[in-house]
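Asks: Sequence lines, in order, name chains A and B. Residues 1 to 321 (the working numbering) are what the first sequence spells out, left to right. Residues 322 to 642 (the working numbering) are what the second sequence spells out, left to right. No residue lacks a Cβ here, since even glycine has one placed at the ideal position from N, Cα and C. Take a look at this one; I'll ask things after.
2 protein chains.
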Amino acid sequence: MDAKEITLDKLDAKRFIEDEAREIGKAVGSGLAVNALSGGVDSSTVTLLGHMALGGRLKTYFIDNGIMRDGEPQKVAAIFGKLGVKVEVVDARKQFFDALKGITGPEEKREAITQTFYRDVFGRLVRESGAKHLLQGTILTDVDETVAGIKRQHNVFMQLGIDPEKAFGYRILEPLVRLRKPAVREVAKALGLPKEVYARPPFPGPALAARVIGEVTPERVEVVRKATAIVEEELAGSKAFQYMAILHGDRVTGMRGGRREFGLQVEVRCWDSSDARVASPTRLPFEKLEGLAGRITGEVPGVVSVTYNITKKPPSTIEAV
Amino acid sequence: MDAKEITLDKLDAKRFIEDEAREIGKAVGSGLAVNALSGGVDSSTVTLLGHMALGGRLKTYFIDNGIMRDGEPQKVAAIFGKLGVKVEVVDARKQFFDALKGITGPEEKREAITQTFYRDVFGRLVRESGAKHLLQGTILTDVDETVAGIKRQHNVFMQLGIDPEKAFGYRILEPLVRLRKPAVREVAKALGLPKEVYARPPFPGPALAARVIGEVTPERVEVVRKATAIVEEELAGSKAFQYMAILHGDRVTGMRGGRREFGLQVEVRCWDSSDARVASPTRLPFEKLEGLAGRITGEVPGVVSVTYNITKKPPSTIEAV
Chain A
1 MDAKEITLDK
11 LDAKRFIEDE
21 AREIGKAVGS
31 GLAVNALSGG
41 VDSSTVTLLG
51 HMALGGRLKT
61 YFIDNGIMRD
71 GEPQKVAAIF
81 GKLGVKVEVV
91 DARKQFFDAL
101 KGITGPEEKR
111 EAITQTFYRD
121 VFGRLVRESG
131 AKHLLQGTIL
141 TDVDETVAGI
151 KRQHNVFMQL
161 GIDPEKAFGY
171 RILEPLVRLR
181 KPAVREVAKA
191 LGLPKEVYAR
201 PPFPGPALAA
211 RVIGEVTPER
221 VEVVRKATAI
231 VEEELAGSKA
241 FQYMAILHGD
251 RVTGMRGGRR
261 EFGLQVEVRC
271 WDSSDARVAS
281 PTRLPFEKLE
291 GLAGRITGEV
301 PGVVSVTYNI
311 TKKPPSTIEA
321 V
Chain B
322 MDAKEITLDK
332 LDAKRFIEDE
342 AREIGKAVGS
352 GLAVNALSGG
362 VDSSTVTLLG
372 HMALGGRLKT
382 YFIDNGIMRD
392 GEPQKVAAIF
402 GKLGVKVEVV
412 DARKQFFDAL
422 KGITGPEEKR
432 EAITQTFYRD
442 VFGRLVRESG
452 AKHLLQGTIL
462 TDVDETVAGI
472 KRQHNVFMQL
482 GIDPEKAFGY
492 RILEPLVRLR
502 KPAVREVAKA
512 LGLPKEVYAR
522 PPFPGPALAA
532 RVIGEVTPER
542 VEVVRKATAI
552 VEEELAGSKA
562 FQYMAILHGD
572 RVTGMRGGRR
582 EFGLQVEVRC
592 WDSSDARVAS
602 PTRLPFEKLE
612 GLAGRITGEV
622 PGVVSVTYNI
632 TKKPPSTIEA
642 V
């Protein structure tokens, strides 16, 4: 795989789409391909590229792992339904929560999610489908960060020197691996994806599990899901690169109805960045910050404290887990 | 004890000082009194009031519990030395850290500090001094919050219906119990205390132990001590009511030298308030917030993330522990 970057200014989106669709067609031949759609801009772009190249020979799964945002599976299936792409929603919530039980370390969480996804859920689907090719939305920033040891991405086995053919029994195609996020958005737009997809802020692979510090349980995911919905609603109009709510493991003292309550703390992060390599906290007006805190403590049961990240990346990372 | 409030506008500081000094003199008679000075405005005011009433018959101890701010014992002793008040510094660091070992709950921490302070350290000093009277800097807000169950103050046994004579063998005098913070500052000023004392932001009884979420060890106190020194230096010029650094128990992902680091998170809180009953996060300029985060992550080993509190009290409390 040629990892030479195609920068935004050098990108000819139309030509890129033609080239990559042709490459996909050539690689898959008369066989079948599968891919997993998360609803993010990367996997959405790959889904449409694959659909263009292979039509009905591409089988697209949306794995509901229980750690998605509010209404996500339905929303994504509806968007692609309108584009004529059939998406099969797979309910794997129990499998993921079982795998996450008792795990608190971020590496172990990512590993549990990766293993459950590839080996248990998606791996089985791929093996049963008879497809030998897997389309994947890896982008250049994922590769950089994995190589640098900053992040353990779950979708860059090849770059890590792991042979996916031996490890999981299929071959991975990564048509976006020479692009960074702004170029992917351009391609997504050119493919006819709606704005809510191509302009969508990035969302991590481990989904809301990356937004829970400590153990990931259905109850704790529900807390951060509610907080996430509020943050996304409140900051949808901002020009920020990415924004998120994080549920802390720590308990802090608060008060309700004049009485002491040992409650939950949620951290809000909102980033200015062009490609996630370096980032700064967005200078949101304090009215907005206090509004966010007011809504989260008012609407999400158990939360008594909300903080806002003020650290740049580096030394912070975009996500906390 | 008459708990009727003397509001700032009704306060005649000079007369209050004369009245209270006379009351102290009457209560103590020809005996001895002791008090513990923490360096905060409340205990400093009581120390000077007591000194005025009793002269050499008041014995003032400064208990170094190991959870003080940087250079605090020396600083406080020097201030009172200049005012002609002798303060005996007692090194009780080991006793406090032993008592705090393995404890993570905020109530249990406060209890361990209270018990170590009253029963083990100060209680022993009082018993050995032969004094029957203890001067204490309880203010009206402490009483309110304790009665409301918001806070478990360590200095309001009487209000909780605990007889200190039976519990600890001495009698407590609380000359400031009808005042709130602004009135105490006025009295402190009228007593001739320097501005660094009377204008000093409040600091909690359990000191830096209240600024550490989770276990309080000498190492973790050292982290929050360094962060506290930075926050106090950076925000000294602000008009804020109170500001603080809090070390979280959670670990978050960060990066240093291009590599992933699972590090510490510090939360900064800075409050606008008149008396701590209700409070709002100070709307600090983002340049200042980013400067704080830059200094804390740059100068305090292990810290990769800094957040800023954006929640009002209520539902937050001033302190996190």
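Any idea if Leu-160/A is buried or exposed, counting beta-carbon neighbours within 10 angstroms, 16 or more meaning buried?
Replies: As a working note, residue 160/A is residue 160 in the first sequence. Model confidence at Leu-160/A stands at a pLDDT of 41, short of 50, so the residue's coordinates are unreliable; what they give is reported in the following sentence. Exposed, because fewer than 16 other Cβ atoms sit within 10 Å of the Cβ of Leu-160/A.
Asks: DSSP state of Phe-562/B, grouped into three classes?
Replies: Numbered from its first residue, the second sequence carries residue 562/B at position 241. Coil, per DSSP.
Asks: Can the beta-carbon of Gly-411/B be found less than 9 Å from the beta-carbon of Asp-391/B?
Replies: Here residue 411/B refers to the residue found at position 90 of the second sequence. Here residue 391/B refers to the residue found at position 70 of the second sequence. The amino acid at residue 411/B is misidentified as Gly; the sequence shows Val. In this structure, Asp-391/B does not lie closer than 9 Å to Val-411/B by Cβ.
Asks: Looking only at its chain, what residues have a beta carbon closer than 7 Å to the beta carbon of Thr-425/B, apart from the 5 residues adjacent to it on each side?
Replies: Position 104 of the second sequence, counting from 1, holds the residue named residue 425/B. These residues qualify, in order along the chain: Gly-535 and Glu-536.
Asks: Report the start-end ranges of each beta strand (DSSP E) in the stretch 176-227 of chain A that is 3 residues or longer and not cut off at the edges.
Replies: Taking only runs of at least 3 residues, no beta strand (DSSP E) segment lies wholly in the stretch 176-227 of chain A.
Asks: Report, in whole angstroms, the separation of the C-beta atoms of Gly-40/A and Phe-286/A, which I expect to be a contact under 8 Å.
Replies: Start at 1 with the first residue of the first sequence, and residue 40/A comes out as number 40. Start at 1 with the first residue of the first sequence, and residue 286/A comes out as number 286. In fact, because the Cβ distance is near 31 Å, the residues do not count as touching under 8 Å.
Asks: Could you tell me whether the Cβ of Glu-290/A comes closer than 9 Å to any Cβ of chain B?
Replies: Here residue 290/A refers to the residue found at position 290 of the first sequence. Answer yes: the Cβ-Cβ gap between Glu-290/A and chain B drops below 9 Å somewhere.
Asks: For Asp-9/A, count neighbouring C-beta atoms within 10 Å of its own C-beta (all shown protein chains included) and say buried if the count is 16 or more, exposed if not.
Replies: Start at 1 with the first residue of the first sequence, and residue 9/A comes out as number 9. Exposed: under 16 other Cβ atoms inside 10 Å.
Asks: Starting from the C-beta of Pro-503/B, find all residues in its chain whose C-beta is less than 8 Å away, skip the five residues before and the five after it, and write them out in chain order.
Replies: Translated into the one-based positions of the second sequence, residue 503/B becomes position 182. For Pro-503/B, where only same-chain residues beyond five positions count, the Cβ hits under 8 Å are Leu-329, Ser-595 and Asp-596.
Asks: Report yes or no: do the stretch 288-295 of chain A and the stretch 247-259 of chain A share at least 3 C-beta pairs separated by less than 8 Å?
Replies: At 8 Å Cβ cutoff, the stretches do not touch.
Asks: Among Ser-43/A, Gly-56/A, Met-68/A and Asp-272/A, which residue has its Cα nearest to the Cα of Val-177/A?
Replies: For the purposes of this step, residue 177/A is identified with residue 177 of the first sequence, where counting begins at 1. Of Ser-43/A, Gly-56/A, Met-68/A and Asp-272/A, the residue nearest in Cα terms is Ser-43/A.
Asks: So Thr-307/A is in the beta strand (DSSP E); what residue range does that whole segment cover?
Replies: Working through the first sequence from its first residue, we reach residue 307/A at position 307. Per DSSP, Thr-307/A belongs to the beta strand (DSSP E) from 303-309.
Asks: My assumption, with CB atoms under 8 Å, is that Arg-414/B sits in contact with Gly-458/B. Please give the rounded CB distance.
Replies: For the purposes of this step, residue 414/B is taken as the residue at position 93 of the second sequence. For the purposes of this step, residue 458/B is taken as the residue at position 137 of the second sequence. Contact doesn't hold; Cβ gap of about 22 Å is too wide.
Asks: Inspect the beta-carbon positions of Val-349/B and Leu-529/B and report whether they are closer than 9 Å.
Replies: Position 28 of the second sequence, counted from the first residue, corresponds to residue 349/B. Position 208 of the second sequence, counted from the first residue, corresponds to residue 529/B. It is not a contact, given that the beta carbons lie outside the stated cut-off.
Asks: Taking C-alpha atoms, which residue in Leu-100/A, Arg-171/A and Glu-261/A lies nearest to Arg-127/A?
Replies: In the first sequence, the residue the question calls residue 127/A occupies position 127. Cα-wise, what sits closest to Arg-127/A is Arg-171/A.
Asks: I need the boundaries of the beta strand (DSSP E) containing Asp-64/A, first residue and last residue.
Replies: Here residue 64/A corresponds to residue number 64 of the first sequence, with the count starting at 1. Element bounds for Asp-64/A: 58-64.
Asks: Using DSSP with H/G/I as helix, E/B as strand and the rest coil, what is Leu-585/B?
Replies: In the second sequence, counting from the first residue as 1, residue 585/B sits at position 264. It is a strand residue.
Asks: Is Ile-230/A helix, strand or coil when you go by DSSP?
Replies: On the first sequence, residue 230/A is found 230 positions in, with the first residue counted as 1. Ile-230/A falls in the helix class under three-state DSSP.
Asks: Would Ser-601/B pass as an interface residue toward chain A - the criterion being a Cβ-Cβ separation below 9 Å?
Replies: For the purposes of this step, residue 601/B is taken as the residue at position 280 of the second sequence. So yes, Ser-601/B belongs to the interface.
Asks: Hey, how far is the Cα of Ser-316/A from the Cα of Arg-269/A?
Replies: To locate residue 316/A, count along the first sequence from 1; it is residue 316. To locate residue 269/A, count along the first sequence from 1; it is residue 269. Between Ser-316/A and Arg-269/A, the C-alpha separation is close to 11 Å.
Asks: Using a Cβ-Cβ distance cut-off of 9 Å, determine whether Asn-476/B contacts chain A.
Replies: In the second sequence, the residue the question calls residue 476/B occupies position 155. The pLDDT assigned to Asn-476/B is 47, lower than 50, so where the model puts this residue is not dependable, and the model offers no usable value.
Asks: Measure the beta-carbon distance from Glu-582/B to Thr-628/B and round it to whole angstroms, keeping in mind my assumption that it falls under 8 Å.
Replies: Locating residue 582/B in the second sequence gives position 261, where the first residue counts as 1. Locating residue 628/B in the second sequence gives position 307, where the first residue counts as 1. Between Thr-628/B and Glu-582/B the Cβ distance is about 17 Å, and since that is not below 8 Å, they are no contact.
Asks: Check for me: the beta strand (DSSP E) holding Glu-409/B runs from which residue to which?
Replies: For this step, residue 409/B is matched to residue 88 along the second sequence. First-last of the beta strand (DSSP E) with Glu-409/B: 408-412.
Asks: Determine, using beta-carbon pairs with one atom in the stretch 77-87 of chain A and one in the stretch 555-564 of chain B, whether at least three such pairs fall under 8 Å.
Replies: With a cut-off of 8 Å, the stretch 555-564 of chain B and the stretch 77-87 of chain A do not count as touching, because too few Cβ pairs lie within range.
Asks: Hey, how far is the Cα of Ala-188/A from the Cα of Phe-122/A?
Replies: Start at 1 with the first residue of the first sequence, and residue 188/A comes out as number 188. Start at 1 with the first residue of the first sequence, and residue 122/A comes out as number 122. In a straight line, the C-alpha of Ala-188/A is about 24 Å away from that of Phe-122/A.
Asks: Using the beta-carbon count (16 or more within 10 Å), is Gln-395/B buried or exposed?
Replies: Within the second sequence, residue 395/B is the residue found at index 74, counting from 1. Gln-395/B should be labelled exposed.
Asks: Could you tell me whether any Cβ in chain A is nearer than 9 Å to the Cβ of Tyr-564/B?
Replies: Residue 564/B sits at position 243 when you count from the first residue of the second sequence. Closer than 9 Å: no.
Asks: Would you kindly report the start and end of the unbroken beta strand (DSSP E) that includes Arg-171/A?
Replies: Within the first sequence, numbered from 1, the residue matching residue 171/A stands at position 171. Taken as a continuous stretch (DSSP letters only), the beta strand (DSSP E) holding Arg-171/A covers 171-173.
Asks: Spatial neighbours of Thr-631/B within its chain, please: C-beta separation below 6 Å, excluding the five flanking residues on both sides.
Replies: Locating residue 631/B in the second sequence gives position 310, where the first residue counts as 1. A small fix is needed here, since residue 631/B is Ile in this sequence, not Thr. So the qualifying residues of the chain are Pro-602.
Asks: Counting contacts by CB-CB distance shorter than 9 Å, is Lys-430/B in contact with chain A?
Replies: Counting from one through the second sequence, the residue named residue 430/B turns up at place 109. Chain A, which has no Cβ nearer than 9 Å to the Cβ of Lys-430/B, makes this no.
Asks: Going by DSSP, what residues sit across from Arg-256/A in a beta bridge?
Replies: As a working mapping, residue 256/A is identified with position 256 in the first sequence. Answer is Arg-259/A.
Asks: Unbroken alpha helix (DSSP H) runs of length 4 or more, entirely within the stretch 22-76 of chain A: which are they?
Replies: You should have 41-54.
Asks: So, for Lys-633/B: in the same chain, excluding its five sequence neighbours on each side, which residues have a beta-carbon less than 8 Å away from its beta-carbon?
Replies: Residue mapping note: residue 633/B aligns to position 312 of the second sequence, counting from 1. So the list reads Val-599, Ala-600, Ser-601 and Pro-602, once near-sequence residues are dropped.
Asks: I need the straight-line Cα distance from Asp-250/A to Val-533/B, nearest angstrom please.
Replies: Here residue 250/A corresponds to residue number 250 of the first sequence, with the count starting at 1. Here residue 533/B corresponds to residue number 212 of the second sequence, with the count starting at 1. Cα-Cα distance, rounded: 11 Å.
Asks: Tell whether a beta-carbon distance below 9 Å holds between Thr-549/B and Lys-422/B.
Replies: In the second sequence, counting from the first residue as 1, residue 549/B sits at position 228. In the second sequence, counting from the first residue as 1, residue 422/B sits at position 101. No; because the gap between Cβ atoms is not below 9 Å, this pair is not in contact.
Asks: Which residues does DSSP list as the beta-bridge partners of His-133/A?
Replies: As a position in the first sequence, residue 133/A is number 133, starting the count at 1. Paired residue(s): Ala-33/A and Arg-171/A.
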